[in-house]
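Asks: Let me begin by handing over the structure; questions about it come next.
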Amino acid sequence: MEQSEQLQAAYALRRAMLGDAYVDSATSDTDEVSQQFQDHITAQAWGVWTREGVLSTRDRSLLVMAMTAALGRMEEFRLHASCSPRTGVSDAEIDELLFQVAAYCGAPAAISARRAVRAVRAERDGA
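Per the numbering used here, the sequence shown starts with residue 2, numbered consecutively.
So this is what it looks like as structure tokens:
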């Protein structure tokens, strides 16, 4: 199946942010349904990042981290926190974001996200 230009752009951005190894692993299942699922997820979740609009990549990254933390989706939060240097989001901004999550979404969500951030930073810094 030939990919549309929009889907190609979404995959390119997904690779740029998450890395080839992550995307290759996520798309390694070769059965038809798995590939369709990956195309759907990429078009939906990453296609929105490729839209023209007033939000920068940095802004979109902060929003995704806030939403995934608020929803308790720590696997996705951790994934996006780990690629934050490539989106222009600083550690200090993530720290501040978690205060907002605590205030508006509750302490349990923020505490879980804080633990995830500490693990991401430890891996990144080799600690």
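Don't be surprised by glycine CBs; every beta carbon is placed ideally from N, CA and C.
The model shown is predicted, which means the values in this text are computed figures rather than measured ones.
So, residue 106 versus residue 19, is the Cβ gap smaller than 8 Å?
Replies: Cβ distance not < 8 Å, so residue 106 and residue 19 don't count as in contact.
Asks: Please check the pair residue 48 and residue 11, which I expect to be a contact at CB under 8 Å, by giving their CB distance rounded to whole angstroms.
Replies: Between residue 11 and residue 48 the Cβ distance is about 4 Å, and since that is below 8 Å, they are a contact.
Asks: On the DSSP letters alone, give me the boundaries of the alpha helix (DSSP H) that residue 122 sits inside.
Replies: From DSSP, the alpha helix (DSSP H) with residue 122 extends over 108-126.
Asks: In the DSSP assignment, find the unbroken alpha helix (DSSP H) run with residue 8 in it and report its ends.
Replies: Residues 6-19.
Asks: For the putative contact between residue 95 and residue 118, defined by C-beta atoms under 8 Å, what is the C-beta separation to the nearest angstrom?
Replies: Going by Cβ atoms, the distance from residue 95 to residue 118 rounds to 6 Å, so yes, they are a contact pair.
Asks: Mind the definition here: the segment 108-123 touches the segment 68-83 only if three or more C-beta pairs lie below 8 Å; say whether that holds.
Replies: Result yes; three or more Cβ-Cβ pairs closer than 8 Å.
Asks: Taking all protein chains shown into account, decide if residue 72 is buried (16 or more other Cβ within 10 angstroms of its Cβ) or exposed.
Replies: Residue 72 is exposed by the Cβ-count criterion.
Asks: Are the CB atoms of residue 88 and residue 113 nearer to each other than 8 Å?
Replies: Cβ distance not < 8 Å, so residue 88 and residue 113 don't count as in contact.
Asks: To the nearest angstrom, report how far apart residue 104 and residue 122 are at their CA atoms.
Replies: Between residue 104 and residue 122, the C-alpha separation is close to 23 Å.
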